[in-house]
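Letter by letter, the sequence shown follows residues 1 to 138 of UniProt numbering.
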Amino acid sequence: MTGRFRTIAPPDSTFINDADRQFIEALGPAIRRQLWLRFDTPGAATKGVVIQLDQLPAAAPPEAAANLTNVMAALVEQGNHTSVTPVLERRGGPQPTARDREWMRAVRDAAERVGLDIGLVLISHSRGVRAYAQYPDG
C-alpha cells in the first residue's frame, strides 16, 4: 500500500514484474469506465504501447471482439508486439462482475484472433487496482 491507493496482489507476486508494478502505479484508482490495452514488445527498452478506449458501455456489445480485433491487428502490424495487458477501469469494488467478464472475454477473443498472448489482467476499481495472473472467469 502506498497510502494513495491499494493494489490487491502481494507485492512479491511472481506474476507481477517491475514494469507491471510501474504500470499499476500509473493507473491508480478508477475515475471512469474505460479500457486500457498495453501492448508489449519483448526485448524493447520500453514496455510497448498503451492505448485508452473511453466511453466504454457497461456491457460489451456483440461486436466488441471484432472491433478490438481491428484495433489490435493494426497495432501488431505496426510494432512487433507479442502480448497485451488489458485493464478494465470502472468504479466499484475489486471483484470482477459479469459485465467485467464479458469485456475480458471480448479482449481475450480479439487477442487470440491476432496471435497476441495475454499478459497480466488488471481491474482498476474505486480503491485501487486488482491484478490477476489469468482471466477472472470464475
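Backbone N, C-alpha and C define an ideal beta-carbon position, used for all residues, glycine too. From a predicted model like this one, the values you see are computed outputs, not experimental measurements.
Residues of its chain near residue i, where Cβ-Cβ distance is below 8 angstroms and the 5 sequence neighbours each way are ignored
| i | result |
| --- | --- |
| Ile16 | Ala9, Ile24, Leu120 and Ala131 |
| residue 144 | Residue 144 falls outside the range modelled here, since the chain spans only 1 to 138, and no answer is possible. |
| Ala59 | Arg99 and Glu102 |
| Asp117 | Thr82, Ser83, Val84 and Ala111 |
Through-space distance from residue j to residue i, alpha-carbon basis
| i | j | result |
| --- | --- | --- |
| Asn67 | Asp109 | 11 angstroms |
| Ile31 | Ile51 | 16 angstroms |
| Arg127 | Leu56 | 20 angstroms |
| Pro61 | Gly115 | 22 angstroms |
| Pro96 | Gln22 | 22 angstroms |
| Phe5 | Arg113 | Reliability fails at Phe5, whose pLDDT of 49 lies under 50, so the model's placement of it is uncertain and the value that follows must be treated cautiously. Using only the alpha carbons, I get a separation of about 35 angstroms. |
| Glu77 | Thr69 | 12 angstroms |
Cβ-based neighbour list, residue i, same chain, cut-off 6 angstroms, excluding 5 preceding and 5 following
| i | result |
| --- | --- |
| Val129 | Thr7, Ile24, Leu27 and Leu122 |
| Ala64 | Ala106 |
Heavy atom of the ligand HEM within 7 angstroms of residue i beta-carbon
| i | result |
| --- | --- |
| Ile16 | The ligand content of the structure shown is nil, which means the ligand HEM is not present either. |
Within 8 angstroms, strictly: CB atoms of residue i and residue j
| i | j | result |
| --- | --- | --- |
| Glu89 | Gln34 | yes |
| Met72 | Val87 | no |
Where the alpha helix (DSSP H) containing residue i begins and where it ends
| i | result |
| --- | --- |
| Leu88 | Counting along the chain, Leu88 falls outside any alpha helix (DSSP H), though it belongs to the beta strand (DSSP E) covering Ser83 to Glu89. |
Exposure label - residue i; buried when at least 16 CB within 10 Å
| i | result |
| --- | --- |
| Ala98 | exposed |
| Thr2 | Model confidence at Thr2 stands at a pLDDT of 44, short of 50, so the residue's coordinates are unreliable; what they give is reported in the following sentence. Label assigned to Thr2: exposed. |
| Ala111 | buried |
Opening and closing residue of the beta strand (DSSP E) in which residue i lies
| i | result |
| --- | --- |
| Leu53 | Val49 to Asp54 |
| Gln95 | Run containing Gln95: none; DSSP gives neither H nor E here. |
| Leu68 | Looking at the DSSP string, Leu68 is not in any beta strand (DSSP E); the run it does join, the alpha helix (DSSP H), is Ala64 to Gln78. |
Same chain, Cβ closer than 7 angstroms to residue i, neighbours up to 5 away in sequence not counted
| i | result |
| --- | --- |
| residue 154 | Since the displayed the chain opens at 1 and closes at 138, residue 154 lies outside it and no answer follows. |
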